[in-house]
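**Student:** Okay, here's the structure, questions in a sec.
Number of protein chains: 2
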Amino acid sequence: MTQPLRLGIAGLGTVGAGVVAIVQRHAGLIAARGGRPVEISAVSARSRGKDRGVALGDYDWEDDPVTLARRPDVDVFVELMGGSDDPARAATQAALASGKDVVTANKALLALHGHGLAQMAEEADRLIRFEAAVAGGIPVIKALTEGLAANEVTRVLGVMNGTCNYILTRMEDAGLTYDEAFAEADGLGYLEADPQLDVGGIDAGHKLALLAAIAFGTEVDFAGVELEGIGAITIEDIRQAADMGFRIKLLGVAQMTGRGLEQRMSPCLVPATSPLGQLQGGTNMVVLEGDQVGQIVLRGPGAGAGPTASAVMADVIDIARGIRVPTFGLPAARLRKVRAARAAVPAPYYLRMALLDKPGALAKVARVLGDNGISIDRMRQYGHEATTAPVLIVTHKTTRAALDDALAGFAETNVVAGPPVALRIESV
Amino acid sequence: MTQPLRLGIAGLGTVGAGVVAIVQRHAGLIAARGGRPVEISAVSARSRGKDRGVALGDYDWEDDPVTLARRPDVDVFVELMGGSDDPARAATQAALASGKDVVTANKALLALHGHGLAQMAEEADRLIRFEAAVAGGIPVIKALTEGLAANEVTRVLGVMNGTCNYILTRMEDAGLTYDEAFAEADGLGYLEADPQLDVGGIDAGHKLALLAAIAFGTEVDFAGVELEGIGAITIEDIRQAADMGFRIKLLGVAQMTGRGLEQRMSPCLVPATSPLGQLQGGTNMVVLEGDQVGQIVLRGPGAGAGPTASAVMADVIDIARGIRVPTFGLPAARLRKVRAARAAVPAPYYLRMALLDKPGALAKVARVLGDNGISIDRMRQYGHEATTAPVLIVTHKTTRAALDDALAGFAETNVVAGPPVALRIESV
Chain A
1 MTQPLRLGIA
11 GLGTVGAGVV
21 AIVQRHAGLI
31 AARGGRPVEI
41 SAVSARSRGK
51 DRGVALGDYD
61 WEDDPVTLAR
71 RPDVDVFVEL
81 MGGSDDPARA
91 ATQAALASGK
101 DVVTANKALL
111 ALHGHGLAQM
121 AEEADRLIRF
131 EAAVAGGIPV
141 IKALTEGLAA
151 NEVTRVLGVM
161 NGTCNYILTR
171 MEDAGLTYDE
181 AFAEADGLGY
191 LEADPQLDVG
201 GIDAGHKLAL
211 LAAIAFGTEV
221 DFAGVELEGI
231 GAITIEDIRQ
241 AADMGFRIKL
251 LGVAQMTGRG
261 LEQRMSPCLV
271 PATSPLGQLQ
281 GGTNMVVLEG
291 DQVGQIVLRG
301 PGAGAGPTAS
311 AVMADVIDIA
321 RGIRVPTFGL
331 PAARLRKVRA
341 ARAAVPAPYY
351 LRMALLDKPG
361 ALAKVARVLG
371 DNGISIDRMR
381 QYGHEATTAP
391 VLIVTHKTTR
401 AALDDALAGF
411 AETNVVAGPP
421 VALRIESV
Chain B
429 MTQPLRLGIA
439 GLGTVGAGVV
449 AIVQRHAGLI
459 AARGGRPVEI
469 SAVSARSRGK
479 DRGVALGDYD
489 WEDDPVTLAR
499 RPDVDVFVEL
509 MGGSDDPARA
519 ATQAALASGK
529 DVVTANKALL
539 ALHGHGLAQM
549 AEEADRLIRF
559 EAAVAGGIPV
569 IKALTEGLAA
579 NEVTRVLGVM
589 NGTCNYILTR
599 MEDAGLTYDE
609 AFAEADGLGY
619 LEADPQLDVG
629 GIDAGHKLAL
639 LAAIAFGTEV
649 DFAGVELEGI
659 GAITIEDIRQ
669 AADMGFRIKL
679 LGVAQMTGRG
689 LEQRMSPCLV
699 PATSPLGQLQ
709 GGTNMVVLEG
719 DQVGQIVLRG
729 PGAGAGPTAS
739 AVMADVIDIA
749 RGIRVPTFGL
759 PAARLRKVRA
769 ARAAVPAPYY
779 LRMALLDKPG
789 ALAKVARVLG
799 DNGISIDRMR
809 QYGHEATTAP
819 VLIVTHKTTR
829 AALDDALAGF
839 AETNVVAGPP
849 VALRIESV
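If you read the protein sequences in the order shown, they are chains A and B.
Counted from 1, the first sequence has number 53 at position 53 by our numbering; the numbering is strictly sequential.
Counted from 1, the second sequence has number 534 at position 106 by our numbering; the numbering is strictly sequential.
Structural data, given as structure tokens:
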């Protein structure tokens, strides 16, 4: 066991450079804990000349990550390029086919192709590990796969995109509009090149799909995640939610229902005093609920060089220690293919709409709700803006299907201007 | 790998019965995740006849846990008897000597004899696992040993005794005195047979010593934990702390200093808005800080049949999966013996004392602080009670040594009645 474990690192962005830095700085500590030294044989990135703040001179350079993945002096292929398709996918496949274990931070790759890759890894008797793909430095994959292994998991939920939580927090704290908070986050470099990955909930949806596969023993199914971004949230929504004791979070929720697997990534109201409600700024939080353990809450940095590289290296040290667990916690053949259930679990909803200033308008809206079996918990109509009056309604528990029928019904009343905002109130 | 993993369970209290219940209820799930079935060969407890709410008829009974630990049909000895000495110690030693792995929830045993047992396990090429010994259902041993393995851990802190946190929360929320809250906790069955284990900080101190050994790669050293219970805390302290934006928690803190390993379990003030400050009731919270990852917060149930048995079974499933990590994360011979540093890290302190109603009394107290190099951040003297006036002082950062000198100095002024309360203000 004193043979070094040799890494090939593809991708030298923030995270890749962070991994190199840890391997260099903590060589002694890693060797002691892992039971064998960890070394870097070769690295690969798009641009060779760039200064990345770490010394790379001791490592071979490969222009092609696929070539890197196949090198005989690489035991573990560390995939930090990102992107759901080639070259990340091809290089990962090449690594597995060449008998290497794979450690990756690539949530998109695994959310879209995870099941096939897990099968391939298993056929090759190799591992894919991805602690860094979900919630950055929080060891949530390990907590779920290993720490809660004796539980039937009942629900997984969390705030898994720090950028969205930063925007929502700034809207609340500084009274910024969505556009202002978005611009601020952009200026700080918090947004992905395609901001929809963040504010559209896609990035967080990838993470949720990975957690759900482990939690419920199912084939990873990103297509089954119901996605809704934060772009429609206004300061007014945030204020009204606060008035009622709630905060708005881009919340991922996965749970198994009698009708299939429900996976949602959408802005929700959560109690302001709950751990999720109290989460401010760019921090991530994942809540794991199991039939034996009850509720476990994990909180920590969801991004950044140090935290993400910490998670990558935890996977590497696990491999050095000989820890070998199937990709999604079960042999790939045992993962069940289940159908997606759209918001099967009933919940109360927060509704905001602009009512045209016509006699009987409110009664028409109330009747639509009643006709769809939705009862009203509270309603508030406040200060007119020109020809429309903003109306807020909090419903009692209802199904999403009934709510959708009601939303369609509102449109037919001709007293509601524009599409209403409908936010689920999640019990946490 | 399809050979069943066979357990021998010693101790059938709440946790033991919970473990039996999980093995029975989740047999399929455990076999799928662990890669092999988990079975119970034999059990042991003090009283055979007692109804424990689970069916035990399929298992052999042993009156003597040492005999149980040596049975050839036991692969893993599950020690849930508790107590730092025999029979728990003898049975654990017998299990290791007979080639069994050991899973235990026994913090006292490991805090006092952990290093010797870890050495013995290593010589026998066996494991001791103890996820359930710290913070109940929270997978904190795993998070620290494996999840943060690539970090130099800088600090570990937490609220690890739910009973104490319950008492302090009830004092704050319901305005109960310490004695009233204690009696309430006792009535609810929250207290150990010897309540000092809880309110004296001993139980939580055991847990802290285990975390510190893993975090800093040191021989477990419970004798080096500075212990202070919550018995001296008054409602007034809680109210005054709240006024300044703090809450009082029985807080464990471990960190490596230039002068040795500092381990403290004592009531501290923490910001009311911090995750630790927001922790109410019987829940546990552990905060792990590493040089790469920053701060990770773990929150969950610290006691109870389900949560504790969940942690025990996570260890069992790890063993079924072939996960083998040294007891404290490093080979026992590599654990360093370090000296204990008493409160080496400076901090501000909250002081409450009763001042005799004499001219110049406050000036004398202030001079003692000044003479010991301690400067005052705020001071408040309020409504007289008979012949003494309560005085509150918040100091700027000072060492505990300087503070102790000042406390001794107060006694010599003859203007301070009784011993002052001195609570550290911990930055979290």
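A virtual CB, placed ideally from N, CA and C, is assigned to each residue, including glycine.
No experiment lies behind these values; they were computed from the predicted model shown.
Does B:Met741 come within less than 8 Å of chain A when only Cβ atoms are used?
**Tutor:** Working through the second sequence from its first residue, we reach residue 741 of chain B at position 313. For B:Met741, the answer is yes, since a Cβ of chain A falls inside 8 Å of its Cβ.
**Student:** Quick one: what does DSSP say A:Phe328 is sitting in, helix, strand or coil?
**Tutor:** Position 328 of the first sequence, counted from the first residue, corresponds to residue 328 of chain A. It is coil, neither helix nor strand.
**Student:** Since A:Val19 is in the alpha helix (DSSP H), which residue starts that stretch and which ends it?
**Tutor:** Residue mapping note: residue 19 of chain A aligns to position 19 of the first sequence, counting from 1. First-last of the alpha helix (DSSP H) with A:Val19: Thr14 to Arg25.
**Student:** Give the DSSP bridge partners of A:Tyr59, in chain order.
**Tutor:** As a working mapping, residue 59 of chain A is identified with position 59 in the first sequence. In DSSP, A:Tyr59 forms no bridge with anything.
**Student:** Could you name the residues of chain B that A:Glu152 contacts, counting a contact when the two beta carbons are closer than 9 Å?
**Tutor:** If you number the first sequence from 1, residue 152 of chain A lands on position 152. Chain B residues near A:Glu152: Arg453, His454 and Leu457.
**Student:** Does the Cβ of A:Ser310 have 16 or more other Cβ atoms within 10 Å, making it buried, or fewer, making it exposed?
**Tutor:** Residue numbering aside, residue 310 of chain A sits at position 310 when the first sequence is read from its first letter. Result: buried.
**Student:** With a 10 Å radius around its C-beta and 16 neighbouring C-beta atoms as the bar for buried, classify B:Ala379 as buried or exposed.
**Tutor:** This structure does not reach residue 379 of chain B, given that chain B is present from 429 up to 856, and the question cannot be answered.
**Student:** Any heavy atom of the ligand FMN closer than 7 Å to the beta-carbon of A:Glu122?
**Tutor:** The ligand FMN is absent from the structure shown, which contains no ligand whatsoever.
**Student:** Can you round the beta-carbon distance between A:Leu362 and A:Val153 to whole angstroms, since I take them to be within the 8 Å contact cut?
**Tutor:** Here residue 362 of chain A is taken as the residue at index 362 of the first sequence, counted from 1. Here residue 153 of chain A is taken as the residue at index 153 of the first sequence, counted from 1. With 8 Å as the limit, A:Leu362 and A:Val153 do not qualify as a contact, their Cβ atoms being about 43 Å apart.
**Student:** Helix or strand or just coil, what does DSSP make of B:Thr701?
**Tutor:** Position 273 of the second sequence holds residue 701 of chain B. In this structure, B:Thr701 counts as coil in the three-state DSSP scheme.
**Student:** What residues are listed by DSSP as bridge partners for A:Ala42?
**Tutor:** On the first sequence, residue 42 of chain A is found 42 positions in, with the first residue counted as 1. In DSSP, A:Ala42 forms a bridge with A:Gly8 and A:Asp60.
**Student:** Answer yes or no: do B:Ile642 and B:Leu545 have a C-beta to C-beta separation smaller than 8 Å?
**Tutor:** Counted from its first residue, the second sequence places residue 642 of chain B at position 214. Counted from its first residue, the second sequence places residue 545 of chain B at position 117. Their beta carbons are not under 8 Å apart, which means B:Ile642 does not touch B:Leu545 by this criterion.
**Student:** Going by DSSP in three states, A:Asp405 sits in which element: helix, strand or coil?
**Tutor:** Position 405 of the first sequence, counting from 1, holds the residue named residue 405 of chain A. A:Asp405: helix per DSSP, three-state reduction.
**Student:** Identify, in the order they occur along the chain, each residue of the same chain with its Cβ nearer than 8 Å to the Cβ of A:Ser427, setting aside the five sequence neighbours on each side.
**Tutor:** Reading the first sequence from its first residue, position 427 is the one you call residue 427 of chain A. Ala347, listed in sequence order.
**Student:** Would you identify the three-state DSSP class for B:Phe838, choosing helix, strand or coil?
**Tutor:** Position 410 of the second sequence, counting from 1, holds the residue named residue 838 of chain B. Residue state, collapsed to three classes: helix.
**Student:** What residue from A:Thr413, A:Leu56, A:Pro65 and A:Ile376 has the CA that sits closest to A:His396's CA?
**Tutor:** The sequence position of residue 396 of chain A within the first sequence is 396, counting from 1. Closest by alpha carbon: A:Ile376.
**Student:** Quick check on A:Ala133 - is its C-beta less than 8 Å from some C-beta in chain B?
**Tutor:** By 1-based counting over the first sequence, the position of residue 133 of chain A is 133. No - not a single Cβ of chain B is within 8 Å of the one on A:Ala133.
**Student:** For B:Glu507, would you say it is in contact with chain A, using Cβ-to-Cβ distances shorter than 8 Å as the test?
**Tutor:** Along the second sequence, read from residue 1 onward, the residue named residue 507 of chain B stands at position 79. It does not; no Cβ of chain A falls within 8 Å.
**Student:** Against chain A, with Cβ distances strictly below 8 Å, would B:Gln431 count as a contact?
**Tutor:** In the second sequence, counting from the first residue as 1, residue 431 of chain B sits at position 3. For B:Gln431, the answer is no, since every Cβ of chain A falls outside 8 Å of its Cβ.
**Student:** Cβ atoms of A:Lys100 and A:Val74: under 8 Å apart, would you say?
**Tutor:** As a first step, residue 74 of chain A must be located in the first sequence, where it is residue number 74. As a first step, residue 100 of chain A must be located in the first sequence, where it is residue number 100. In this structure, A:Lys100 lies closer than 8 Å to A:Val74 by Cβ.
**Student:** Which chain A residues are close to B:Gln425, counting only those with a beta carbon under 7 Å from its beta carbon?
**Tutor:** Because residue 425 of chain B is not part of the residues shown, which for chain B are 429 to 856, the question remains open.
**Student:** Buried or exposed: where does A:Arg339 fall if 16 or more other Cβ atoms within 10 Å of its Cβ makes it buried?
**Tutor:** Numbered from 1 along the first sequence, position 339 holds the residue referred to as residue 339 of chain A. Exposed, by the Cβ-count rule.
**Student:** Thinking just about the alpha-carbon of each residue, which of A:Ile141, A:Leu148, A:Ala149 and A:Leu96 is nearest to the one in A:Asp125?
**Tutor:** If you number the first sequence from 1, residue 125 of chain A lands on position 125. Of the listed residues, the one whose Cα sits closest to A:Asp125 is A:Leu96.
**Student:** For B:Ile802 and B:Leu697, which I take to be in contact (beta-carbon distance under 8 Å), what is that distance rounded to the nearest angstrom?
**Tutor:** As a working note, residue 802 of chain B is residue 374 in the second sequence. As a working note, residue 697 of chain B is residue 269 in the second sequence. About 17 Å; that fails the 8 Å criterion.
**Student:** What is the DSSP secondary structure of B:Asn712, reduced to helix, strand or coil?
**Tutor:** Your numbering for residue 712 of chain B matches position 284 in the second sequence. Reduced to three states, the DSSP call for B:Asn712 is strand.
**Student:** Residues in the same chain with beta-carbon distance under 8 Å from A:Ser84, minus the five sequence neighbours each way, listed in chain order, please.
**Tutor:** Position 84 of the first sequence, counted from the start, is the residue given in the question as residue 84 of chain A. The residues are Asn106, Ala108, Leu109, Ala111, Leu112 and His113.
**Student:** Measuring only the C-alpha atoms, how far is A:Val15 from A:Pro326?
**Tutor:** As a first step, residue 15 of chain A is located in the first sequence; it is residue number 15 there, counting from the start. As a first step, residue 326 of chain A is located in the first sequence; it is residue number 326 there, counting from the start. About 24 Å.
**Student:** Going by beta carbon distance, what residues of the same chain come within less than 8 Å of B:Thr736, once the five residues before and after it are set aside?
**Tutor:** Here residue 736 of chain B refers to the residue found at position 308 of the second sequence. Correct list, in chain order: Thr442, Val443, Gly446, Ala533, Ala560, Gly564 and Gly565.
**Student:** Would you list, in chain order, the members of the segment 754-780 of chain B that have their beta-carbon closer than 9 Å to a beta-carbon of chain A?
**Tutor:** Listed by position along the chain: Pro754, Gly757, Leu758, Pro759 and Arg762.
**Student:** Report the neighbours of A:Gln295 on chain B: residues whose CB is nearer than 8 Å to its CB, in chain order.
**Tutor:** For the purposes of this step, residue 295 of chain A is identified with residue 295 of the first sequence, where counting begins at 1. Ordered by position in chain B, the residues that pass the 8 Å Cβ test against A:Gln295 are Gly728 and Pro729.
**Student:** Output yes if chain B places a C-beta closer than 8 Å to the C-beta of A:Ser310; else output no.
**Tutor:** Residue numbering aside, residue 310 of chain A sits at position 310 when the first sequence is read from its first letter. Closer than 8 Å to some Cβ of chain B, the Cβ of A:Ser310 qualifies, so yes.
**Student:** Nearest to A:Thr283 by alpha carbon, out of A:Lys249, A:Asn414 and A:Ile22?
**Tutor:** Sequence index remark: in the first sequence, residue 283 of chain A carries index 283 (1-based). It is A:Lys249.
**Student:** Report the neighbours of A:Ala32 on chain B: residues whose CB is nearer than 7 Å to its CB, in chain order.
**Tutor:** Against the first sequence, residue 32 of chain A aligns to sequence position 32. Residues of chain B passing the Cβ test: Leu758 and Arg762.
**Student:** By how many angstroms is the C-alpha of B:Arg780 removed from the C-alpha of A:Ala150?
**Tutor:** The residue you call residue 150 of chain A lines up with position 150 of the first sequence. The residue you call residue 780 of chain B lines up with position 352 of the second sequence. Rounded to the nearest angstrom, the two C-alpha atoms are 47 Å apart.
**Student:** Tell me the DSSP secondary structure of B:Glu647 in three-state form.
**Tutor:** Translated into the one-based positions of the second sequence, residue 647 of chain B becomes position 219. Reduced to three states, the DSSP call for B:Glu647 is coil.
**Student:** Please list, in chain order, the chain B residues whose beta carbon lies closer than 7 Å to that of A:Asp318.
**Tutor:** Translated into the one-based positions of the first sequence, residue 318 of chain A becomes position 318. Chain B residues near A:Asp318: Glu574.
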